[in-house]
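A.B. asks: My questions will all concern the structure given below.
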Amino acid sequence: MDTFSLLARYDLRLPRYTSYPTAAQFDTRVNAKTYRRWLGAIPEGASTSLYLHVPFCASLCWFCGCNTSVVHSVGALERYARAMVAEIESVAAAIGHRLPVRHIHWGGGTPTALPAPLMQAIDAALRRYFIIDGATEIAIELDPRTLPGTAEVDLRALGIGRASLGVQDFSPLVQEAIGRHQSVAETRDAATVARAAGARSINLDLVYGLPQQTVASLEATIASVLEIEPDRIALYGYAHVPWMQKRQAVLAGFDLPDAAARLCQQTRAAAMLVEAGYRRIGLDHFAKPDDPMAQARGTPRLRRNFQGYTLDDAAVLIGFGASAISALPQGYAQNATRTIEYLDAIETATLATARGIARTAQDDLRSRIIERLMCDLTVDVASIADAAGMDGATLDDAWPQLEPLETDGLIRRNGAVVTITEAGWPFLRCVAACFDQYLDPQASRHAAAI
Ligand code: SF4
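When the letters of the sequence shown are read in order and numbered with the numbering used here, they come out as residues -6 to 443.
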């Protein structure tokens, strides 16, 4: 059966598996009290990463699934920054000691929507309560269209070492459809500013499956992207979920590329990037051969977390801001998603945890298997179960689900080793889903897997 014939069978709505269990399983049994208890149990010296969510943008792009909104009022931005500082203080008090930080990630939204003095106030609070030094890698998401004139100085003051710039597609037709106008020149200029500010690694985000997008528009975009010479490129499939992200309803008037068209776009874009010398990483990332992520490919150093593929192996991830998710050894805890609810919670109750999930030993086992599959495209299920001291028979529900994928040539099995074939790469999430104990594909609210 050729790849396109398989689409009808495997074009399912599935998670991207940036965590397991996924956020779809979070509920209110995890609350601020739970989170405070988990924070208090973090041992001294535990390696830690910090995520800072800034849910503001200068304008909204209709395709975007991020938790963000347009806010220009300086008072509102100041209130949000004050809340983040207060949250940092509350979290630090619950931990009770200063943790060493490996990575800090400023995400959003558009982090630089906060004026530089507010970002610096948040940064200063982090440095007061955590151990942040020259070994801490600090990354930021940037919108090339709205970089302030002082960006180089501002980013240098924050110690930014890695920057991720949104592109999506340079086609004017696509940009008009998604409400995001951005030239190649301003993208190149933003990369230059970030590099001048000290960013040693530049990532560009591309998206396929957008309205008005074609293989030709994507080819032209990639040709321009290659001229900017990013160290990494992320190639995401557009996640059309208007039932979860209301702003995407604006795109209802367009015929979105169907599964076959999406697959053509993904396959052609990936081929161009590989031809240009980039190494393919997992589901949707590409890196230059000398980039640390490319060098980590096929080793346990390549990891997957809420930011996608990463080299961050910290035991603890603490998220600050509206909708931010923390990953602690005991489970996941997510802050209130709506900014106003986050602000009210922080101002009245010090923590803003709204939901989450406590992980079981079985969750941890399946999480490791899914992570290795998503990173390495192969996994030795028995070895992982042995290393975890778990009975491999608890995974027996996965094998019958994998059988049709093997018959269709999407995976190879050698005993308990499962390997994705070249034809199976676009279907990686379908393979990972076989190890997901919670997933009900019929009831799924996720985006299309291809
Ligand atoms: S794509 Fe970036 S700039 Fe556009 S709405 Fe989303 S976070 Fe904001």
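Virtual Cβ for every residue (Gly too), placed ideally from N, Cα, C.
P36 by DSSP, collapsed to three states: which one?
C.D. replies: What you label residue 36 is simply residue 43 of the sequence shown in a count that begins at 1. DSSP places P36 in coil when its eight states are reduced to three.
A.B. asks: Report the option in A209, R29 and A34 whose CA atom is closest to the CA atom of M265.
C.D. replies: Numbered from its first residue, the sequence shown carries residue 265 at position 272. Of the listed residues, the one whose Cα sits closest to M265 is A209.
A.B. asks: Taking L445 as the reference, which of A252, S52 and I226 has the closest Cα?
C.D. replies: Nothing about residue 445 can be reported from this structure: the residues present for the chain run from -6 to 443 only.
A.B. asks: Taking just the CA atoms, how far does V63 sit from F49?
C.D. replies: Against the sequence shown, residue 49 aligns to sequence position 56. Against the sequence shown, residue 63 aligns to sequence position 70. The alpha-carbon atoms of F49 and V63 are separated by roughly 5 Å.
A.B. asks: Does at least one heavy atom of the ligand SF4 sit under 7 Å from the Cβ of T103?
C.D. replies: Along the sequence shown, one-based indexing puts residue 103 at 110. The answer is yes for T103.
A.B. asks: Measuring CB to CB, does Y3 end up less than 8 Å from F420?
C.D. replies: Taking the sequence shown and counting its residues from 1, the one referred to as residue 3 is at position 10. Taking the sequence shown and counting its residues from 1, the one referred to as residue 420 is at position 427. Contact: yes.
A.B. asks: Could you check whether the segment 137 to 145 touches the segment 120 to 129, counting it as contact only if at least three pairs of C-beta atoms, one from each stretch, sit closer than 8 Å?
C.D. replies: no
A.B. asks: Exposed or buried, which one is M367 when buried takes at least 16 other CB atoms within 10 Å?
C.D. replies: Your numbering for residue 367 matches position 374 in the sequence shown. Buried is the call here.
A.B. asks: For the putative contact between A375 and R361, defined by C-beta atoms under 8 Å, what is the C-beta separation to the nearest angstrom?
C.D. replies: Your numbering for residue 375 matches position 382 in the sequence shown. Your numbering for residue 361 matches position 368 in the sequence shown. Not quite, the Cβ-Cβ distance comes to about 12 Å (not below 8 Å), so this is no contact.
A.B. asks: Measure the alpha-carbon distance for I131 versus P104 and round it to whole angstroms.
C.D. replies: Taking the sequence shown and counting its residues from 1, the one referred to as residue 131 is at position 138. Taking the sequence shown and counting its residues from 1, the one referred to as residue 104 is at position 111. Approximately 13 Å between the Cα atoms of the pair.
A.B. asks: Any heavy atom of the ligand SF4 inside 7 Å of the beta-carbon of T414?
C.D. replies: Counted from its first residue, the sequence shown places residue 414 at position 421. Not so, every heavy atom of the ligand SF4 lies at least 7 Å from the Cβ.
A.B. asks: Taking 8 Å as the cut-off, does the segment 227 to 234 touch the segment 179 to 190 (at least 3 CB pairs, one atom from each stretch)?
C.D. replies: no
A.B. asks: Could you say which of A263, K26, Q161 and G33 lies nearest to G172 if we only look at CA atoms?
C.D. replies: Here residue 172 refers to the residue found at position 179 of the sequence shown. Checking every option, the nearest Cα to that of G172 belongs to Q161.
A.B. asks: Work out the CA separation of R272 and L53 for me, nearest whole Å.
C.D. replies: On the sequence shown, residue 53 is found 60 positions in, with the first residue counted as 1. On the sequence shown, residue 272 is found 279 positions in, with the first residue counted as 1. Per the coordinates, the alpha-carbon of L53 lies some 32 Å from the alpha-carbon of R272.
A.B. asks: Alpha carbons only, please: which of I115, A106 and H98 is nearest the one belonging to T129?
C.D. replies: Here the question's residue 129 lines up with position 136 in the sequence shown. Cα-wise, what sits closest to T129 is H98.
A.B. asks: Measuring only from the beta carbon, is L432 closer than 7 Å to any heavy atom that is part of the ligand SF4?
C.D. replies: For the purposes of this step, residue 432 is identified with residue 439 of the sequence shown, where counting begins at 1. Not under cutoff, so the answer is no.
A.B. asks: Which one of D224, P322 and Y10 has the shortest CA to CA distance from I35?
C.D. replies: Within the sequence shown, the letter at position 42 stands for residue 35. Comparing Cα-Cα distances from I35 to each of D224, P322 and Y10, the minimum goes to P322.
A.B. asks: Within the same chain, show all residues whose beta-carbon is closer than 7 Å to that of A329, passing over the 5 residues directly before and after it, in chain order.
C.D. replies: Mapped onto the sequence shown, residue 329 falls at position 336. Excluding residues within five positions, the ones whose Cβ falls inside 7 Å are A315, Y335, A338, A345 and A347.
A.B. asks: Alpha carbons only, please: which of C59, T414, H96 and P108 is nearest the one belonging to R75?
C.D. replies: Residue mapping note: residue 75 aligns to position 82 of the sequence shown, counting from 1. Residue P108 is the option with its Cα nearest to R75.
A.B. asks: DSSP on L266, reduced to helix/strand/coil?
C.D. replies: On the sequence shown, residue 266 is found 273 positions in, with the first residue counted as 1. L266 falls in the helix class under three-state DSSP.
A.B. asks: Reducing DSSP to helix, strand and coil, say where P293 ends up.
C.D. replies: Indexing the sequence shown from 1 puts residue 293 at position 300. In the three-state scheme derived from DSSP, where H, G and I count as helix and E and B as strand, P293 is classed as coil.
A.B. asks: Using three-state DSSP, classify E399 as helix, strand or coil.
C.D. replies: The count along the sequence shown starts at 1 and reaches residue 399 at position 406. Residue state, collapsed to three classes: helix.
A.B. asks: Mind checking which residues open and close the alpha helix (DSSP H) that includes S376?
C.D. replies: In the sequence shown, residue 376 corresponds to position 383, counting from 1. V374 to A380 is the span of the alpha helix (DSSP H), which, as asked, contains S376.
A.B. asks: Give the C-beta separation of A320 and S(-2) to the nearest angstrom, bearing in mind that I take them to be a contact with Cβ-Cβ under 8 Å.
C.D. replies: Within the sequence shown, the letter at position 327 stands for residue 320. Within the sequence shown, the letter at position 5 stands for residue -2. Contact flag wrong, Cβ pair sits at about 39 Å.
A.B. asks: Is the distance from the Cβ of L490 to the Cβ of R422 below 8 Å?
C.D. replies: Outside the displayed range of the chain (-6 to 443) lies residue 490, so it cannot be described from this structure.
A.B. asks: If you measure between the beta carbons of V84 and L32, is that distance less than 8 Å?
C.D. replies: Taking the sequence shown and counting its residues from 1, the one referred to as residue 84 is at position 91. Taking the sequence shown and counting its residues from 1, the one referred to as residue 32 is at position 39. Their beta carbons are under 8 Å apart, which means V84 touches L32 by this criterion.
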